[in-house]
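First up is the structure itself, then whatever we jot down about it.
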Amino acid sequence: MMIPGIAKYFHARVPRYTSYPTAPHFTGEVDAKRYGAWLSRLDPDTELSLYLHIPFCRRMCWYCGCNMRVIARYSPVTEYVETLIKEIDLACEKLPKGSMKVRHIHWGGGTPTALNGEDMVRIHEAVASRFDILPNAEIAVEIDPRTFTQDNADALGKIGCTRASLGIQEFDITVQEAINRVQPMEVIEDTIRMLHEQNVKGLNFDLMYGLPHQTAEMLTRTVEQAATLKPDRIALFGYAHVPWMAKNQRMIPEDALPTALMRFEQATAAGDALEAAGYVRIGLDHFARPEDSMAIALREGHLHRNFQGYTDDLAGAIVAFGASAISETPEGFMQNIVETGAYSRAVNSGELPVAKGVTFRGEDKLRSAIIERLMCDMEVDLDEMRRLHAPNRDDFYDELAQLRALQDEGLCELDGSKVRVPDAARPALRVVCSVFDDYLQHNQGQRHAAAV
């Protein structure tokens, strides 16, 4: 059921809150020198999460908004692999001496499996020789099933991959053709078979709503088909149509895109179908089987959110490698140079390829904690957050006034110092979070995706 007050926020432009401060507020104040200092000041006992960005794909998808390029030949990839390993060495020169422990490695893109098997293993061995990868570490890799080969599968087995994330999006052929991502069910089944043969046990699916020609009925069928393959986790993302940022999206016929109300109906229908299939809702847009570690993290109150989305990763810092990759330390966020040529030139000159970032200051950590708990738990105790992060801070007078207005519209509930977002208002969760975003007032406009 749609609560009456939610419709007016369908077109609200608010961040996805995979970080706070959010990426549009990164500036050149964070350079290679500052990021190097952050790395050097990490506690040697800190357990790290590593992110490896592979900005290549073998085929273009019209809906994609990621930093990537389609490769017609492999030589640019070979050169990139060399540069990536050099960047790892540069970072290790700044990190505390000794092999720091790693509890999580995420390969993202682009498509990491655009690498041939030999290069994927080579990168992993470079990481393993410089860090102490814990025996129970999660090693997760994003996969395009259309181009996945036995060579890729063998490489995943060699690097000890524990979780694979498959981009499904939608099974309906009309939608697949409209987004240039045709992949029959048989392709998905073959990919899963190869993964299981390599003992890759964790399985994630990415689905999307808001795609051209898509209907709630189509998406419900896709969810039902996906559930028969028994993935542990399913992410249900809303397609963000931003052709002024992603030129390939200009190939998508805008008159075939669903309206905001239709998007809401699609997300609702898909969510209901996933719950009917036994999945637990996780935050804004994720679902997990009850026995999955992410569902357990939700129940136990230690679910987190970072640039990869929802996670049960408890690492103390994220050290990211590759063009456009974003790191997080206790002192701030840093993003690498986006363009691969400029990224390579920086690394080959012996410099960390830093483009920009933000240093945590003022109430950033307090507001980040509030937003993260809302995004993860759908509720937060403001007094507890103040006690943990800013004991001397006054009450949130301005924010509470905004929240009371949202409460009148059914988007949240206030109980003393506690703020709760009811399940019916889940699609507007980011709107409630934005009340605590002290930067947003300086960044109104088209830079964020629609709230629903």
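Be aware that the sequence shown starts at -3, since it is given in the working numbering, and climbs by one per residue.
For each residue, glycine too, the CB sits at the ideal point set by N, CA and C.
Please read these numbers as outputs of a predicted model, since none were measured by experiment.
Nearest-angstrom beta carbon gap, C53 and D140 [assumed within contact, 8 Å]: 7 Å
Span of the alpha helix (DSSP H), counted from its first residue to its last, around F260: A256 to A272
Exposure label - K197; buried when at least 16 CB within 10 Å: exposed
Range covered by the beta strand (DSSP E) that runs through G104: K97 to G105
Residue closest to T107, alpha-carbon to alpha-carbon, out of F392, D379 and T143: T143
Span separating the alpha-carbon of P254 from that of P208: 7 Å
C-alpha gap between R12 and V117, whole angstroms: 33 Å
Exposure label - M374; buried when at least 16 CB within 10 Å: buried
Per-residue DSSP class, three states only, for M374: coil
Simplified DSSP state of C408, which is helix, strand or coil: coil
N- and C-terminal bounds of the alpha helix (DSSP H) containing P72: S71 to K90
Limits of the alpha helix (DSSP H) - the one that D147 falls within: Q146 to I155
Length at least 3, wholly inside the region 154 to 210: the beta strand (DSSP E) runs in chain order: 159 to 165 and 198 to 205
Segment contact, 8 Å Cβ cut-off, at least three pairs: the region 327 to 345 with the region 14 to 34: yes
Per-residue DSSP class, three states only, for A316: strand
Sequence ranges, alpha helix (DSSP H) only - wholly within the region 19 to 60, length at least 4: 28 to 36
F303 and T42 closer than 7 Å at C-beta: no
V449 - containing alpha helix (DSSP H), residue span: Lying before the first or after the last residue shown, residue 449 is absent from the chain, which here runs from -3 to 448.
8 Å contact criterion, which R341 and L362 should meet: CB distance rounded: R341 to L362, Cβ: 39 Å. No contact.
K352 burial status per 10 Å Cβ neighbour count (16 or more: buried): buried
Residue interval of the alpha helix (DSSP H) (run including I119): G113 to R126
N- and C-terminal bounds of the beta strand (DSSP E) containing Y306: G305 to T307
Pairwise C-alpha distance: A316 and A160: 19 Å
Secondary structure of K93, DSSP reduced to three states: coil
Rounded separation between D488 and L48 - CA only: Nothing can be reported for residue 488: it is not among the residues displayed for the chain, which extend from -3 to 448.
Backbone CA spacing between A319 and E409 [nearest angstrom]: 42 Å
At least three beta-carbon pairs within less than 8 Å, the region 229 to 249 to the region 92 to 105: no
For F392: DSSP bridge partner residues: Note: F392 sits in no beta bridge, so no partner.
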